[in-house]
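Engineer:
Residue numbers (our numbering), protein chains in the order written: chain A, 61 to 330; chain B, 61 to 330.
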């Protein structure tokens, strides 16, 4: 069961902003037991958003999680793009409008703004593809949105990290955990010192052959006089003890092979 | 003239690694005057790599820059994926093999390894799609690779950031600059304090209408008692003075509009 992430925002394409949202979501979803198969960044453009949503849907993931483009400005085009991809009309959603009104009423109470009207810019945040359901935003103004298309659920979240994380943890994480049937992802990192990656490669081949459920990947560190390579071991299982046992026996075998080659290994925190 | 970035690596899909390579490349390419239109991350899988290369080619960008998956281990599959997408054979490239041999000879001289053989794992790094040209790697072992397909140039770079950056700056940046005909990208960030984004939105609409070559995007900061919004202004031009003048007059108009609404504005470094 796979998940695709779509990040919307010109700031990502011009290199102004590092895509920490995709990283955070990928880690969270992996930990919750599902597999992220692709991450795509597109600009603030209705056609680009519509195209990537259609492409994702053609690969039939369980979830498509879109971040960014839900706000009040002209370049917040995610919902228009999704509506276009799904051939749906955009309509003001009463529940979303109520959520937004409540927010601005609170802002007035808190003295952040003097008064408010439901300007077109504010109504825009409540204008969803028909069939979409708003998700409350505990931190900011624009609600998230859920829309089913076939077996896939499209989830649109705001791009502001605090808002995205709050909505995900409160409303989306339980859906992901349910879909993964509580699978466990378990990972350990080792630091291998003293042998180069091309000498480590056959040892990794050997332990992966002998431990078919464990994925082992080497990450060479920056060039140094003494070669240092991070080795990352991971597995997904329905049982945490099974996962730990698999990783432990893989580490034992790998450590022995590396020491025979004159290198040494120590655990590291990542 | 557009550029697509493709990042290859399971570590990105499990959220172990933040995709700083794509961010660095996007910033560099934007500064050099070309437009990055899409960034895609896929896993260490020949079919996934082959599919994304074909998809990128169908959109006919000037460059496809792929990072990751060029090393000696089993999961370094980028060249195999590109060969599959282009329907090309993989062949040992003599020049690439010579580059790799020289590296290992130097490692022996420097005492990093005692001796070396051209094992299959090392020859793998010199095994390119036919028609590919190796690019020297001044930092690490695996060469980069250039391959033409129609009007598009595919450039494969290692995933280790220091290696990727060194090869890009030395060998790829001049190609990008030439393709952009020395276009200039100019950007300024302002901090807008005291008005909420939905009140800023119509002001941005107005200045973008009056300054058609300038792109203005608002980035709300985390929820605070007093709303703070970063406003990013950017333009691309063939002349730096023209670019600066455009941005300056946009800032003047925007500042006036924001102050009328009771907010204020100051320049910030990003």
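Note that CB positions come from ideal geometry on N, CA and C, so glycine has one too. The structure presented is a predicted model; accordingly, all values stated were derived computationally and were not measured.
With a threshold of 8 angstroms on Cβ separation, who are the neighbours of residue 318 of chain A within its own chain once the five nearest residues in sequence on each side are excluded?
Structural biologist: Here residue 318 of chain A refers to the residue found at position 258 of the first chain. The residues are 252, 255, 260, 263, 324 and 325.
Engineer: Any idea if residue 200 of chain A is buried or exposed, counting beta-carbon neighbours within 10 angstroms, 16 or more meaning buried?
Structural biologist: On the first chain, position 140 is the one that residue 200 of chain A refers to. The residue in question, residue 200 of chain A, is buried, as its Cβ has 16 or more Cβ neighbours within 10 Å.
Engineer: Can you list, in chain order, the residues of the stretch 186-216 of chain A whose Cβ is nearer than 8 angstroms to any Cβ on chain B?
Structural biologist: Under the 8 angstroms Cβ criterion, the stretch 186-216 of chain A contributes 199, 200 and 201.
Engineer: Give the secondary structure of residue 213 of chain B by DSSP, where H, G and I count as helix, E and B as strand, and everything else as coil.
Structural biologist: By one-based count along the second chain, residue 213 of chain B stands at place 153. Correct three-state label for residue 213 of chain B: strand.
Engineer: Return the chain-ordered list of same chain residues with a C-beta closer than 7 angstroms to the C-beta of residue 65 of chain B, the five sequence neighbours on each side being excluded.
Structural biologist: Walking along the second chain from the start, residue 65 of chain B turns up at place 5. These residues qualify, in order along the chain: 82, 85, 86, 96, 99 and 125.
Engineer: Tell me which residue opens and which closes the beta strand (DSSP E) that residue 231 of chain A is part of.
Structural biologist: Taking the first chain and counting its residues from 1, one reaches residue 231 of chain A at position 171. Counting along the chain, residue 231 of chain A falls outside any beta strand (DSSP E), and DSSP gives it neither H nor E.
Engineer: Are at least three pairs of beta-carbons, each pair with one atom in the stretch 271-280 of chain A and one in the stretch 208-222 of chain A, less than 8 angstroms apart?
Structural biologist: Verdict: no, contact absent.
Engineer: Residue 134 of chain A versus chain B: which residues are under 8 angstroms apart at the beta carbon?
Structural biologist: Within the first chain, residue 134 of chain A is the residue found at index 74, counting from 1. Per Cβ cutoff of 8 angstroms: 261, 264, 265 and 268.
Engineer: Skipping 5 residues on each side, what residues in its chain have a beta carbon closer than 7 angstroms to that of residue 175 of chain B?
Structural biologist: Locating residue 175 of chain B in the second chain gives position 115, where the first residue counts as 1. Cβ neighbours of residue 175 of chain B beyond the five flanking positions: 168.
Engineer: Can you tell me whether residue 119 of chain B is buried or exposed, with buried defined as 16 or more other CB within 10 angstroms of its CB?
Structural biologist: As a position in the second chain, residue 119 of chain B is number 59, starting the count at 1. By the 10 Å Cβ count, residue 119 of chain B comes out exposed.
Engineer: Identify, in the order they occur along the chain, each residue of the same chain with its Cβ nearer than 7 angstroms to the Cβ of residue 270 of chain B, setting aside the five sequence neighbours on each side.
Structural biologist: Within the second chain, the letter at position 210 stands for residue 270 of chain B. Excluding positions up to five away in sequence, the list reads 313.
Engineer: Where do the N-terminal and C-terminal ends of the beta strand (DSSP E) with residue 175 of chain B fall, by residue?
Structural biologist: As a working note, residue 175 of chain B is residue 115 in the second chain. Segment: none, residue 175 of chain B is in no beta strand (DSSP E) and carries neither H nor E.
Engineer: Note the first and the last residue of the continuous beta strand (DSSP E) segment covering residue 125 of chain B.
Structural biologist: Residue mapping note: residue 125 of chain B aligns to position 65 of the second chain, counting from 1. Start and end: 123-127.
Engineer: Hey, residue 88 of chain B and residue 228 of chain B are a contact pair by Cβ (cut 8 angstroms); roughly how many whole angstroms apart?
Structural biologist: As a working note, residue 88 of chain B is residue 28 in the second chain. As a working note, residue 228 of chain B is residue 168 in the second chain. The pair is a contact, with the Cβ atoms about 7 angstroms apart (cut-off 8 angstroms).
Engineer: Let's see if you can read the secondary structure: which residues bound the beta strand (DSSP E) around residue 142 of chain B?
Structural biologist: Translated into positions along the second chain, residue 142 of chain B becomes position 82. From DSSP, residue 142 of chain B is part of no beta strand (DSSP E) but of the alpha helix (DSSP H) over 138-146.
Engineer: Excluding the five sequence neighbours on either side, which residues of its own chain have a C-beta within less than 6 angstroms of the C-beta of residue 297 of chain A, listed in chain order?
Structural biologist: Walking along the first chain from the start, residue 297 of chain A turns up at place 237. Here the set comprises 244 and 303.
Engineer: Does any residue of chain A bring its CB to less than 8 angstroms from the CB of residue 329 of chain B?
Structural biologist: For the purposes of this step, residue 329 of chain B is identified with residue 269 of the second chain, where counting begins at 1. So no, residue 329 of chain B is outside the interface.
Engineer: Which term fits residue 147 of chain B, buried or exposed, when burial requires 16 or more other beta carbons within 10 angstroms of its beta carbon?
Structural biologist: Working through the second chain from its first residue, we reach residue 147 of chain B at position 87. When all chains shown are included, residue 147 of chain B counts as exposed.
Engineer: What does residue 257 of chain A touch in chain B if you count any residue whose Cβ is under 7 angstroms from its own?
Structural biologist: Position 197 of the first chain, counted from the start, is the residue given in the question as residue 257 of chain A. Per Cβ cutoff of 7 angstroms: 131, 132 and 133.
Engineer: Contact between the stretch 125-140 of chain A and the stretch 156-172 of chain A: three or more CB pairs below 8 angstroms?
Structural biologist: Judged by Cβ distances under 8 angstroms, the stretch 125-140 of chain A makes no contact with the stretch 156-172 of chain A, as fewer than three pairs qualify.
Engineer: Taking the Cβ atom as the reference point for each residue, do residue 104 of chain A and residue 69 of chain A lie within a distance shorter than 8 angstroms?
Structural biologist: Residue mapping note: residue 104 of chain A aligns to position 44 of the first chain, counting from 1. Residue mapping note: residue 69 of chain A aligns to position 9 of the first chain, counting from 1. Yes, the Cβ-Cβ distance between residue 104 of chain A and residue 69 of chain A is below 8 angstroms.
Engineer: Quick one: any contact between the stretch 178-191 of chain B and the stretch 137-156 of chain B, if contact means 3 or more CB pairs under 8 angstroms?
Structural biologist: Touching, yes.
Engineer: For residue 76 of chain A, decide whether its Cβ has a neighbour in chain B, counting only Cβ atoms nearer than 8 angstroms.
Structural biologist: To locate residue 76 of chain A, count along the first chain from 1; it is residue 16. Yes, its Cβ sits closer than 8 angstroms to a Cβ of chain B.
Engineer: Please list the partners that residue 99 of chain B has in chain A, where partner means a Cβ-to-Cβ separation under 9 angstroms.
Structural biologist: Taking the second chain and counting its residues from 1, one reaches residue 99 of chain B at position 39. Ordered by position in chain A, the residues that pass the 9 angstroms Cβ test against residue 99 of chain B are 67, 72, 73, 79, 99, 100, 101 and 102.
Engineer: Candidates A/132, A/111 and A/237: which alpha carbon is nearest residue 181 of chain A's?
Structural biologist: The count along the first chain starts at 1 and reaches residue 181 of chain A at position 121. With distances taken between Cα atoms, residue 181 of chain A lies closest to A/132.
Engineer: Rounded to the nearest angstrom, what separates residue 218 of chain A and residue 328 of chain A at their Cα positions?
Structural biologist: Locating residue 218 of chain A in the first chain gives position 158, counting from the first residue. Locating residue 328 of chain A in the first chain gives position 268, counting from the first residue. The straight-line gap from Cα to Cα measures roughly 34 angstroms.
Engineer: What does the alpha-carbon distance come out to for the pair residue 205 of chain B and residue 195 of chain B?
Structural biologist: On the second chain, position 145 is the one that residue 205 of chain B refers to. On the second chain, position 135 is the one that residue 195 of chain B refers to. Distance between the alpha carbons of residue 205 of chain B and residue 195 of chain B: 5 angstroms.
Engineer: Here's the rule: buried if 16 or more other CB atoms are within 10 angstroms of the residue's CB, otherwise exposed. What is residue 80 of chain B?
Structural biologist: Along the second chain, read from residue 1 onward, the residue named residue 80 of chain B stands at position 20. So residue 80 of chain B ends up on the exposed side.
Engineer: Thinking C-alpha only, which one of A/154, A/197, A/78 and A/153 is nearest residue 226 of chain A?
Structural biologist: Residue 226 of chain A sits at position 166 when you count from the first residue of the first chain. When only C-alpha atoms are compared, the closest one is A/197.
Engineer: Do you know offhand how far residue 274 of chain A's Cα is from residue 305 of chain A's?
Structural biologist: Walking along the first chain from the start, residue 274 of chain A turns up at place 214. Walking along the first chain from the start, residue 305 of chain A turns up at place 245. Spanning the two alpha carbons is a distance of roughly 11 angstroms.
Engineer: In whole angstroms, what separates the C-alpha of residue 139 of chain B from that of residue 106 of chain A?
Structural biologist: Walking along the second chain from the start, residue 139 of chain B turns up at place 79. Walking along the first chain from the start, residue 106 of chain A turns up at place 46. Cα to Cα, the separation comes out at about 33 angstroms.
Engineer: Buried or exposed, going by whether 16 or more other CB atoms sit within 10 Å of the CB of residue 136 of chain A?
Structural biologist: For the purposes of this step, residue 136 of chain A is taken as residue 76 along the first chain, with counting starting at 1. Buried, because 16 or more other Cβ atoms sit within 10 Å of the Cβ of residue 136 of chain A.
Engineer: On the DSSP letters alone, give me the boundaries of the beta strand (DSSP E) that residue 152 of chain A sits inside.
Structural biologist: Along the first chain, read from residue 1 onward, the residue named residue 152 of chain A stands at position 92. Note, residue 152 of chain A: beta strand (DSSP E), 150-152.
Engineer: Rounded to the nearest angstrom, what separates residue 241 of chain B and residue 208 of chain B at their Cα positions?
Structural biologist: Translated into positions along the second chain, residue 241 of chain B becomes position 181. Translated into positions along the second chain, residue 208 of chain B becomes position 148. Near 20 angstroms, if we compare the C-alpha coordinates of residue 208 of chain B and residue 241 of chain B.
Engineer: Can a CB atom of chain A be found closer than 8 angstroms to the CB of residue 242 of chain B?
Structural biologist: Counting from one through the second chain, the residue named residue 242 of chain B turns up at place 182. For residue 242 of chain B, the answer is no, since every Cβ of chain A falls outside 8 angstroms of its Cβ.
Engineer: What are the boundary residues of the beta strand (DSSP E) that includes residue 74 of chain A?
Structural biologist: Here residue 74 of chain A corresponds to residue number 14 of the first chain, with the count starting at 1. Neither: residue 74 of chain A is in no beta strand (DSSP E) and is coded neither H nor E.
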